[in-house]
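> Line order of the protein sequences matches chains W and P. For the first sequence, position 85 (counting from the first letter as 1) is numbered 85 according to UniProt numbering, and the numbering increases by one without interruption. For the second sequence, position 203 (counting from the first letter as 1) is numbered 203 according to UniProt numbering, and the numbering increases by one without interruption.
2 protein chains.
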Amino acid sequence: MITDNFIGNNRSSEGNKLFKTFNPVSNEMNPWEFVEATEAEVERAMVLASDAFLSYSKLDGKTKATFLRTIAKEIENLGDLLLNTYMAESGLPRGRAEGERTRTLFQLHSFADMLEEGSWVEATIDTALPLRQPVPKVDIRKCLMPIGPIVVFGSSNFPLAYSTAGGDTASALAAGCPVVVKSHPMHAGTGALVASAVIKSIELLGLPNGVFSNLNSSSIEIGKQLAIHPGVKGIGFTGSVKGGRTLYNLAAQRKEPIPVFAEMGSINPVVLFPEELKRQGDSWALTYADSMLLGVGQFCTNPGLFIAVKGKELDNFSQLLKKTLETNKAGTMLHPQIHANFTKGKEFMLQNVGVVPLVNISEGLLPQQAGQALLAVSGETFLKNPLLHHEVFGPFSIIVECNDNDQMLEVLANLEGQLTGTIIATQQELQNHMNIVQVLQQKVGRLIFNGVPTGVEVCPSMMHGGPYPASSDARFTAVGIHSVKRWVRPVSYQNWPDKLLPLAIQNDNSLSIERTVNNEKTRNSIL
Amino acid sequence: MITDNFIGNNRSSEGNKLFKTFNPVSNEMNPWEFVEATEAEVERAMVLASDAFLSYSKLDGKTKATFLRTIAKEIENLGDLLLNTYMAESGLPRGRAEGERTRTLFQLHSFADMLEEGSWVEATIDTALPLRQPVPKVDIRKCLMPIGPIVVFGSSNFPLAYSTAGGDTASALAAGCPVVVKSHPMHAGTGALVASAVIKSIELLGLPNGVFSNLNSSSIEIGKQLAIHPGVKGIGFTGSVKGGRTLYNLAAQRKEPIPVFAEMGSINPVVLFPEELKRQGDSWALTYADSMLLGVGQFCTNPGLFIAVKGKELDNFSQLLKKTLETNKAGTMLHPQIHANFTKGKEFMLQNVGVVPLVNISEGLLPQQAGQALLAVSGETFLKNPLLHHEVFGPFSIIVECNDNDQMLEVLANLEGQLTGTIIATQQELQNHMNIVQVLQQKVGRLIFNGVPTGVEVCPSMMHGGPYPASSDARFTAVGIHSVKRWVRPVSYQNWPDKLLPLAIQNDNSLSIERTVNNEKTRNSIL
Chain W
1 MITDNFIGNN RSSEGNKLFK TFNPVSNEMN PWEFVEATEA EVERAMVLAS
51 DAFLSYSKLD GKTKATFLRT IAKEIENLGD LLLNTYMAES GLPRGRAEGE
101 RTRTLFQLHS FADMLEEGSW VEATIDTALP LRQPVPKVDI RKCLMPIGPI
151 VVFGSSNFPL AYSTAGGDTA SALAAGCPVV VKSHPMHAGT GALVASAVIK
201 SIELLGLPNG VFSNLNSSSI EIGKQLAIHP GVKGIGFTGS VKGGRTLYNL
251 AAQRKEPIPV FAEMGSINPV VLFPEELKRQ GDSWALTYAD SMLLGVGQFC
301 TNPGLFIAVK GKELDNFSQL LKKTLETNKA GTMLHPQIHA NFTKGKEFML
351 QNVGVVPLVN ISEGLLPQQA GQALLAVSGE TFLKNPLLHH EVFGPFSIIV
401 ECNDNDQMLE VLANLEGQLT GTIIATQQEL QNHMNIVQVL QQKVGRLIFN
451 GVPTGVEVCP SMMHGGPYPA SSDARFTAVG IHSVKRWVRP VSYQNWPDKL
501 LPLAIQNDNS LSIERTVNNE KTRNSIL
Chain P
1 MITDNFIGNN RSSEGNKLFK TFNPVSNEMN PWEFVEATEA EVERAMVLAS
51 DAFLSYSKLD GKTKATFLRT IAKEIENLGD LLLNTYMAES GLPRGRAEGE
101 RTRTLFQLHS FADMLEEGSW VEATIDTALP LRQPVPKVDI RKCLMPIGPI
151 VVFGSSNFPL AYSTAGGDTA SALAAGCPVV VKSHPMHAGT GALVASAVIK
201 SIELLGLPNG VFSNLNSSSI EIGKQLAIHP GVKGIGFTGS VKGGRTLYNL
251 AAQRKEPIPV FAEMGSINPV VLFPEELKRQ GDSWALTYAD SMLLGVGQFC
301 TNPGLFIAVK GKELDNFSQL LKKTLETNKA GTMLHPQIHA NFTKGKEFML
351 QNVGVVPLVN ISEGLLPQQA GQALLAVSGE TFLKNPLLHH EVFGPFSIIV
401 ECNDNDQMLE VLANLEGQLT GTIIATQQEL QNHMNIVQVL QQKVGRLIFN
451 GVPTGVEVCP SMMHGGPYPA SSDARFTAVG IHSVKRWVRP VSYQNWPDKL
501 LPLAIQNDNS LSIERTVNNE KTRNSIL
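Next up, the structure:
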């Protein structure tokens, strides 16, 4: 096992605070032990990252693409050691480990494809008009450039795909930004292994030392030190509203504020319209149960709120959903802390006035198993009590029984920002209630018709993010190649000698990328 | 004259706090009088804006384009009344008034062109793959949507182009966001006239009441009320670091933080390399003086810092620049407050140790005239004293006399973020010092070769913004059509019925826009 920090390419364990990861299935600590990164190690990682930025930021797209593909290859080469460590630190089954590894590699290759194609830099050129009246127009050209070293906070629920070499890291490296990872303490071993694959890739390709560092830490101090470090130019985070908001506040209070993209909380409302409820309510109850229980409810797109009009059909739906949830086996959560938060959150929700518990599995559970829960409340109760609008991370849902479509609209209008909003309806019902769609659209990053919110496709058209508190800046996605936009800024070159311009905006379009030249999109060179 | 607030389409003057604008040329108050907007008026404007957003956000691009073109037409129709008011409230000459009006109309038409062309929404489509293994791929489509009502704070130095219907307003209206303007108190009459043109356009076209409001205010309370109002979803600001940072902090402390684009301070360093200094130093001295004095130094891209290697050639340059500045007539500043800040800032700079005053016009000045100033310091002195790195808004520059190119690089490396960085050099010198270019590039939004920073071309390739404190988020520009990106966010539609999708992402590409379909850029419809 690898348990050291990576300060650039060098392994380092200078501290004296130790911690271990936990196996939630066997309910015991894993044997390997990590040394919390020290302030001095963090400082060294940042100095290396700032130095590395000078050369890494200038690398051509093909070299960066090779880097990302090499990382993918080296992660694959970790083989069963990685999968076994992942399983031991998360309690997740091998199939999930393999699936998440596939997704992680796919993400790296997606960004490599983007870099090889090259048009992502949004090259924009306006050529000179020396004879323009009343004043001549100078030649101006613009393209996207990396903003500087980025700190990535690994997420608890995606030890591979949104952690060490996950989406945030891959997008920042693609942009041309060095990355310092604050590894998630719950899967520090998985993280260290992946970090070793990144470091090996750097060494193989002779990339600058400092393009990547991986810091082990079980406390919040290292994260705070990073968030306020002047060398850090951006932060990527996936986790709780509390954690994300803390980082956002620290970054906003800096002398030089920096962008924080935090993907945080969401209850992902699902609205089922009466006609479709009547038509296929049973089938949707089974589908909803599957989505709710997937990964023991530990997905940011887990459906936590179900909204429908009360009546016999909804009662049937609720009963079938209840039965399905009751007959499903409880799943093991990722970590005692998540498990404790889930239990606490569920119990808190049950204590609210007007809440009817339909399901609350609480017996026969192993120590880290989550007892799924389903609650029902009236529309009035829900509207009156904003505490019911908050996320309980895990297999937990509330059914809101509305008087009519108008109340459904009111419920939606009173929600906070969400990653997703789902409408299950006949096409006619959807068409007849575009006002509800519009209200929902304003709350979410992704609208889903006749589906469930779990299952986040990695593709350019995916928006993963949404109005606060779903994410800290709804103008960016955390998933798909467009997530690179979080780490770049446009830079203009005015009257610049052609041969000294970045390749993307020279006259000769040697990269064969799509560019906007004098307001026309073209792949032609400028003659 | 119009002196009322516009609360949506209705004129309103409910308050009892009055204020006037000032004519800096005649050095007396203008006769017309404004009533400070009340809290209740602000609240009504915001309620109207939030209501109007529901329908305005859904308008097609052609209708929004017509709106912007109508505003341009109505501003033009204001004729001499607008120009005379502008001159009376700014002290600027008619030529500048006309020029800025032309620029304002051009900006409105640029966004109209963008809307009519339509591709700016970044339509991205990934079609379904029902047979994909291990799980089918659903259909997902994404395009940019407006974020909600935007508050625009008019700038002092561009009463037309960056105020009431200037770049921020035009970009927000183009995005589909209603706009509430906090009019600049120094040119509230100009603002009210322009506001009347916007309101007339809304009425002519039957657009929703509340798409636009204009609030008069001479204090900071209205601005604060707006910044923390839950209905506001974004802020555009042009002005001082102090003002911009205050808004940024208020927005970041909200329960739901919102994006603030503040374009703030910049000293726009100009580096002149030895060979070019020898070759054409005299000519550059005259050009630099022109840029420094343009608009009485009241441009955000005014050159405030000149960096070169000391010696006979630099002495000659400094002497010619000094002579030129001394023979130029002093100009009238926009307002007593700006004039007082300029005088205070200049005097402060003169008191610093090691500062050599080359020019400091202080006699024979009319009350609001700025006495241009030129200071010289050694590289060491500049590096040791960060107070010398700050902006003095007005005709003010510091010459930093460096020992060598290495010290020039050090000076640049120690600067804060800037809107622009200029290098004047032979092409060979530029090529030989790409390390200096790189350090400068990391500090700025726009690099200029053999030119001056004043003169901000309105075109798609213009980046107007830069690392803090040049602007609050270097990832966006305030000038050019790409400034619309500040006010939009991507929204995905998954498995959505084709005919109920936004037009831009339906199968039939009826808008004939460029779209990314399954990773290929195309204008074809999907069959």
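The C-beta atom is built at its ideal place from N, Cα and C for all residues, glycine as well.
#1: Let me know the beta strand (DSSP E) ranges lying completely inside the region 235-283 of chain W, each 3 residues or longer, listed in chain order.
#2: For P/P136, collect the residues of the same chain with a Cβ closer than 8 angstroms to its Cβ; drop the 5 residues on either side in sequence, then sort them by chain order.
#3: Which one of W/F261, W/G239, W/T246 and W/V232 has the shortest CA to CA distance from W/K255?
#4: Nearer than 6 angstroms: is that true of the beta carbon of W/N328 relative to any heavy atom of the ligand GDP?
#5: Where does W/E416 sit, in a helix, a strand or coil, going by DSSP?
#6: Can you pull the chain W neighbours of P/T516, defined as C-beta to C-beta under 9 angstroms?
#7: Between W/K278, W/P93, W/P230 and W/A112, which has its C-alpha nearest W/T63's C-alpha?
#8: Interface residues of chain W around P/L447 at Cβ under 8 angstroms?
#9: Could you have a look at W/I361 and say whether DSSP puts it in helix, strand or coil?
#10: Kindly say whether P/Q298, judged by its beta-carbon, lies nearer than 7 angstroms to any beta-carbon of chain W.
#11: For P/Q438, go through chain W and note every residue whose CB falls closer than 8 angstroms to its CB, in chain order.
#12: Please identify, using Cβ separations under 8 angstroms, the residues of the region 136-155 of chain P that lie next to chain W, in order along the chain.
#13: May I have the straight-line CA-CA distance separating W/T426 from P/T66, to the nearest angstrom?
#14: Among the candidates W/L419, W/Q418, W/F382 and W/E416, whose CA atom is the shortest distance from the CA of W/C402?
#15: Does DSSP put W/T3 in a helix, a strand or coil?
#16: If you scan the region 357-413 of chain P from start to end, which runs of the alpha helix (DSSP H) of 4 or more residues do you find wholly inside it?
#17: Between which two residues does the beta strand (DSSP E) containing P/Q442 stretch?
#18: Roughly how many angstroms lie between the CA atoms of residue 528 of chain P and P/L48, to the nearest whole one?
#19: Which residues in the same chain have their Cβ closer than 6 angstroms to the Cβ of W/M264, if we skip the five residues on either side of it in sequence?
#20: For W/R475, count neighbouring C-beta atoms within 10 Å of its own C-beta (all shown protein chains included) and say buried if the count is 16 or more, exposed if not.
#21: How many Å lie between W/A504 and W/S512 at the Cα?
#22: Comparing C-alpha positions only, which one of W/N249, W/N385 and W/R489 sits nearest to W/A175?
#23: Please list, in chain order, the residues of the region 239-252 of chain P that have any C-beta partner in chain W closer than 8 angstroms.
#24: Would you mind telling me which residues of chain P sit closer than 8 angstroms to W/T124, beta carbon to beta carbon, in chain order?
#25: Around the Cβ of W/G166, are there at least 16 other Cβ atoms within 10 angstroms (buried) or fewer (exposed)?
#26: Going along chain W in order, which residues have a C-beta closer than 7 angstroms to the C-beta of P/Q519?
#27: Does any residue of chain P have a CB that is nearer than 7 angstroms to the CB of W/G451?
#28: When you compare each of P/N84, P/I71, P/P208 and P/P269 to P/V198 by their alpha carbons, which one comes out closest?
#29: Return the CA-CA distance between W/N495 and P/L59, expressed in angstroms with no decimal places.
#30: Let me know the secondary structure DSSP gives P/K62 once reduced to three states.
#31: Kindly list, in the order they appear in chain W, the residues whose Cβ is closer than 7 angstroms to that of P/R96.
#32: Note down, in chain order, every chain W residue with its Cβ under 7 angstroms from the Cβ of P/V121.
#33: Using 7 angstroms as the limit for Cβ to Cβ distance, is residue 528 of chain W near chain P?
#34: Per DSSP, what kind of secondary structure is P/P24 in: helix, strand or coil?
#35: When DSSP builds the beta bridges, which residues end up paired with P/R489?
#36: If we count the other Cβ atoms within 10 Å of its Cβ and call it buried at 16 or more, is W/L215 buried or exposed?
The short version:
#1: 260-263 and 269-272
#2: A128, L129 and P130
#3: W/V232
#4: Of the ligands one can find in the structure shown there are none, so the ligand GDP has no counterpart to examine.
#5: W/E416 falls in the coil class under three-state DSSP.
#6: For P/T516, the chain W residues whose Cβ falls inside 9 angstroms of its Cβ are P460 and S461, in order along the chain.
#7: W/A112
#8: V491, S492, Y493, Q494 and W496
#9: coil
#10: no
#11: L54 and K58
#12: K137, V138, I140, R141, K142, M145, I147 and G148
#13: 36 angstroms
#14: For the residues W/L419, W/Q418, W/F382 and W/E416, the minimum Cα distance to W/C402 belongs to W/F382.
#15: coil
#16: 379-384 and 405-413
#17: P/Q442 -> no beta strand (DSSP E), and no H or E assigned at all.
#18: Since the first residue of chain P shown is 1 and the last is 527, residue 528 of chain P is not available in this structure.
#19: V241, G244 and P469
#20: buried
#21: 9 angstroms
#22: Looking only at W/N249, W/N385 and W/R489, the smallest Cα-Cα distance to W/A175 is reached by W/R489.
#23: Under the 8 angstroms Cβ criterion, the region 239-252 of chain P contributes Y248, N249 and A252.
#24: Listed along chain P are P460, S461 and H482, each with a C-beta nearer than 8 angstroms to that of W/T124.
#25: buried
#26: One point to set straight first is that residue 519 of chain P is Asn, not Gln, in the sequence displayed. In chain order: P460.
#27: yes
#28: P/I71
#29: 39 angstroms
#30: helix
#31: Within 7 angstroms Cβ-Cβ: nothing; P/R96 doesn't reach chain W, min ~12 angstroms.
#32: By Cβ distance, chain W contributes nothing, its closest Cβ being about 13 angstroms from P/V121, past 7 angstroms.
#33: No statement about residue 528 of chain W is possible, as the shown extent of chain W runs from 1 to 527 and does not include it.
#34: Three-state result, P/P24: coil.
#35: Its beta-bridge partners are P/M145.
#36: Counting C-beta atoms within 10 angstroms of its own C-beta, W/L215 has 16 or more neighbours from the protein chains shown and is therefore classed as buried.
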